[in-house]
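If you're matching positions, the sequence shown starts at 1147 in the numbering used here and goes up one per residue. For every residue, glycine included, the Cβ atom is placed at its ideal position computed from N, Cα and C. Notes to accompany the following structure.
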Amino acid sequence: MPQAVADRQPVGDDMSLRDVQKSMKKDPNGHGINALGYDGVLRSFDNERNVLDAVGLNPAQIREYYNGLEMPKRFLTADGRNISRWDMFHPDAENIPKKFTEEDKARIRAHNEELERRGVKCCIPAKLADNALC
């Protein structure tokens, strides 16, 4: 684990989700993705799905992540503060987002182009658009 990550200060329970996201390391090439695992840990991944940064969220921050959307039932009891540093940076497969195939990317582009043709600029709430594909 890089020293900068190991030296990171714990995120406060009073931080907003947006502040947590802003504080996280990101893929320097701009090809990364952030994802909330079922364990309640928000992770920043590079394009190859290596973990760049990880923060255990409290239940209020997890609810904030799903603000305006239906929260999967598995998250109702999730508390990322109980996850070890090792597990944060070495997640189970179910907590790693799938890599999009070229076929997936083409389907997403076609869908987004169709939405744009119909005059729809984005298909998700503005709060979540920072990590959106559309």
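In this structure, the beta-carbon distance from Leu1203 to Leu1182 falls below 9 Å. Beta-bridge pairing by DSSP links Val1266 to no other residue. Secondary structure of Arg1189 (DSSP, three-state): strand. In this structure, Asp1192 and Met1170 do not form a Cβ contact; the two beta carbons are roughly 12 Å apart against a cut-off of 8 Å. Note on Val1266: under 16 other CB atoms within 10 angstroms of its CB, so exposed under the neighbour-count rule. In this structure the stretch 1242 to 1250 touches the stretch 1172 to 1191; the number of beta carbon pairs closer than 8 Å is three or more. Around the C-beta of Pro1218, fewer than 16 other C-beta atoms lie within 10 Å, and the residue is accordingly described as exposed. Listed as beta-bridge partners of Val1201 by DSSP are Leu1188.
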